[in-house]
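Just so you know, the protein sequences line up as chains E and S, in that order.
The numbering used here numbers the first residue of the first sequence as 1 and each following residue consecutively.
The numbering used here numbers the first residue of the second sequence as 1 and each following residue consecutively.
All residues carry an ideal CB built from backbone N, CA and C; glycine is no exception.
Some notes on the structure that comes next.
Number of protein chains: 2
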Amino acid sequence: MTTPTKPTIGVFDSGFGGLTVLRALLPLIPNAHYIYLGDTARLPYGAKSQATIARYAVESARFLHQQGATLLVIACNTATALALEDIQAALPIPVIGVIQPGAEAAHLANPTAPVLVLATAATVQSHAYTQALTALGLSATEKACPLLVPLVEEGWLPGSAAEASAKTAVTLEVLHIYLTEAIAEAGYPQPTTLLLGCTHYPLLKPLIEHTLATLHHPMTIIDSAEATARAVAAHLPASTTTETPTCAFYATDSVEKFQRLGSYFLGQPLPEVHLIDLGG
Amino acid sequence: MTTPTKPTIGVFDSGFGGLTVLRALLPLIPNAHYIYLGDTARLPYGAKSQATIARYAVESARFLHQQGATLLVIACNTATALALEDIQAALPIPVIGVIQPGAEAAHLANPTAPVLVLATAATVQSHAYTQALTALGLSATEKACPLLVPLVEEGWLPGSAAEASAKTAVTLEVLHIYLTEAIAEAGYPQPTTLLLGCTHYPLLKPLIEHTLATLHHPMTIIDSAEATARAVAAHLPASTTTETPTCAFYATDSVEKFQRLGSYFLGQPLPEVHLIDLGG
Chain E
1 MTTPTKPTIG VFDSGFGGLT VLRALLPLIP NAHYIYLGDT ARLPYGAKSQ ATIARYAVES
61 ARFLHQQGAT LLVIACNTAT ALALEDIQAA LPIPVIGVIQ PGAEAAHLAN PTAPVLVLAT
121 AATVQSHAYT QALTALGLSA TEKACPLLVP LVEEGWLPGS AAEASAKTAV TLEVLHIYLT
181 EAIAEAGYPQ PTTLLLGCTH YPLLKPLIEH TLATLHHPMT IIDSAEATAR AVAAHLPAST
241 TTETPTCAFY ATDSVEKFQR LGSYFLGQPL PEVHLIDLGG
Chain S
1 MTTPTKPTIG VFDSGFGGLT VLRALLPLIP NAHYIYLGDT ARLPYGAKSQ ATIARYAVES
61 ARFLHQQGAT LLVIACNTAT ALALEDIQAA LPIPVIGVIQ PGAEAAHLAN PTAPVLVLAT
121 AATVQSHAYT QALTALGLSA TEKACPLLVP LVEEGWLPGS AAEASAKTAV TLEVLHIYLT
181 EAIAEAGYPQ PTTLLLGCTH YPLLKPLIEH TLATLHHPMT IIDSAEATAR AVAAHLPAST
241 TTETPTCAFY ATDSVEKFQR LGSYFLGQPL PEVHLIDLGG
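So this is what it looks like as structure tokens:
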């Protein structure tokens, strides 16, 4: 009996938001070694030109390949939208982004329902989700929600701290404003599938569900992180053994912030984060 | 009678926040030509290393000098905190940052009162305001307020739109949370001077005053933008003529966003914004 080779899965994001994708991968594919790279020195990718983003993303992808990655996950919506093809062309290993799996999961949930996509301004501007959803025959409305990432990074979410309730109330009110606007912008037929098009947003899922209930507008919530993890699992041979996954973490700057906030995104404490230099 | 040479004042920021400094300069020094540069392709400077920020800022400063600037204003707290000395060493013209004028204005307002500084996470981490205030004999508490810049950039402030009241309420609640925490962190003797240590914050001044009234904690608000404009005026010979200032605007990316949001920061419509390339 031969032991199947344990895959090494590279996970790349401009920051630590992609840790929600890693969080979804770990229980689904436990028999793997993971290498996570957050290109924190050069984030956010959003405001930069396509050529610059592609160059940064390819450099990051090459680093993960050099570290032994046999499959690469682009756990970043902006990098997927603007650089997936460049990365696929540059590397001889399978490269999976977050947008196509998210769109396919929305289609699987309901092949005719209009989809509402919440994302950052940069992702909305790329219209990558609309393109992927339209190709599957789904109509889409995209809504840029620039306040959600800073609210998640500030940790204004339900937590153990007693004083957090006022902060959670702010986040709920912001979600109420964005979702009310987005539903109005979508018009009729009203969207009944909600696609979370940013790796920070899975942490907001309970608050989004609560807000939709308040608005009497129930929607099926599709989490790109979970959909991407399932797409990666479908790409690998099923394993009969259950092992404990191993992980290595790299960042290009702000290791302290990465470690502090990262454990929150990953849902478990982060081990040592290694600082690397990919150049200016 | 000779006509005095009209000064050309270069104003530099990583984005368009520095337009609040230009807004304060225009009425105070009308007999000048202004060149504004927003290094929007490489913002935010906050998460980057000191060496990288200094390199970016020196490149931007050199561009403004080449365009004819005879005096340079670093209208960016992060660049002032981390690169003022490098820029001063690189250029043969006077270079004025926003931090020293802000600290001096706080001292002038009350030479013994403890100061509360609101700023971005990057500016707080540099402790540049604490150093400048301590050198003047003032005790300081710095409070990082990461949600305020995105709230200002989203335009969640009192405006003409009828639906804006819920958005303004969010901004007021966020200010209430930050100011309550900051005053508690400052302890006793309680601060009575509030220094706005970010070029976005002058747009929040009416809401901050309202929040302080709600908290029954009146404070003297010092606006670094206004203080910096006065420091620049003090550096130039007084003019006896009143002319209309002229302005040219440059950005390294996102000209559309710059023009749209910039007019809001400047308090008047922006003319054409020229796109320039300072390299990666």
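For SER49 (chain E), the residues of chain S that pass the 9 angstroms Cβ criterion are ALA41, ASP253, in the order they occur in the chain.
Chain S has no Cβ within less than 8 angstroms of the Cβ of LEU172 (chain E). Going by DSSP, GLU142 (chain E) is part of the beta strand (DSSP E) stretching over 140-144. Residue state for HIS200 (chain S) is assigned as coil, using DSSP reduced to three classes. By the rule that beta-carbons nearer than 8 angstroms mark a contact, GLU272 (chain E) does not touch chain S.
For LYS143 (chain S), no CB of chain E lies under 8 angstroms from its own CB, so it is not counted at the interface with that chain. Within the model, the alpha-carbon separation for TYR36 (chain S) versus GLN259 (chain S) is close to 12 angstroms. Nearest to SER263 (chain E) by alpha-carbon distance, out of E:TYR56, E:THR8, E:LEU22, is E:LEU22. When C-alpha distances from GLY10 (chain E) are compared across E:GLN268, E:THR246, E:GLU256, E:THR214, the shortest belongs to E:THR246. For a cut-off of 8 angstroms, the C-beta gap from GLY18 (chain S) to ALA75 (chain S) is around 3 angstroms, short enough to register as a contact.
Pairwise C-beta distances place the segment 129-142 of chain E out of contact with the segment 165-180 of chain E, as fewer than three of them are shorter than 8 angstroms. About 7 angstroms separates the beta carbon of THR80 (chain E) from that of ALA128 (chain E), a gap short enough to meet the 8 angstroms contact definition.
Scanning the segment 10-58 of chain E from its first residue to its last, the whole beta strand (DSSP E) runs of 3-plus residues come out as 33-38.
The segment 208-228 of chain S makes contact with the segment 176-183 of chain S; the number of CB pairs closer than 8 angstroms reaches 3 or more.
Between THR252 (chain E) and ARG42 (chain E) the beta-carbon gap is near 7 angstroms, inside 8 angstroms, which marks them as a contact.
Straight through space, the alpha carbons of THR70 (chain E) and GLN100 (chain E) are spaced by roughly 20 angstroms. Within its own chain, the residues whose Cβ lies closer than 6 angstroms to the Cβ of VAL273 (chain E), once the five positions on either side in sequence are excluded, are PHE249, ALA251, VAL255, PHE258, GLN259, listed in chain order. Bounds of any beta strand (DSSP E) do not take in LEU207 (chain E); it lies within the alpha helix (DSSP H) bounded by 205-214.
In this structure, the beta-carbon distance from ALA144 (chain E) to VAL124 (chain E) falls below 8 angstroms. In the three-state DSSP reduction, ALA251 (chain S) falls in the strand class (E or B).
For the alpha helix (DSSP H) assignment, the uninterrupted runs of no fewer than 4 residues enclosed by the segment 152-191 of chain S are, from N- to C-terminal side, 164-186. By the neighbour-count definition (other C-beta atoms within 10 Å, threshold 16), TYR188 (chain S) is an exposed residue. Under the Cβ distance rule, ILE177 (chain E) counts among the residues neighbouring chain S, one pair being separated by less than 8 angstroms. Here LEU82 (chain S) has GLN50, ILE53, ALA54, SER126 as same chain residues with Cβ atoms under 7 angstroms from its own Cβ, once five neighbours each way along the sequence are excluded.
Residues of the segment 1-34 of chain S that bring their beta carbon within less than 8 angstroms of a beta carbon in chain E are absent altogether. Residue contact with chain S for LYS205 (chain E): absent (no Cβ-Cβ distance below 8 angstroms to any residue of chain S). Note: ILE276 (chain S) is not bridge-paired with any residue in the DSSP secondary-structure output. CA-to-CA, the gap between VAL73 (chain E) and PHE16 (chain E) works out to about 14 angstroms.
In this structure, the alpha-carbon of ILE96 (chain S) lies about 18 angstroms from that of ALA238 (chain S). Secondary structure note for GLY68 (chain E): it is in no alpha helix (DSSP H), with a DSSP letter that is neither H nor E.
Restricting attention to E:LEU91, E:LEU148, E:ALA184, E:ASN31, the CA atom closest to the CA of ALA119 (chain E) is found in E:LEU148. Closest option to HIS235 (chain E), judged by alpha-carbon separation, among E:LEU25, E:ASP223, E:VAL117: E:LEU25. DSSP, read as helix, strand or coil, puts THR246 (chain E) in strand. For GLU153 (chain S), the C-beta contacts it makes with chain E under 8 angstroms involve PRO146, in order along the chain. The alpha-carbon of HIS65 (chain E) is positioned some 8 angstroms away from that of LEU91 (chain E).
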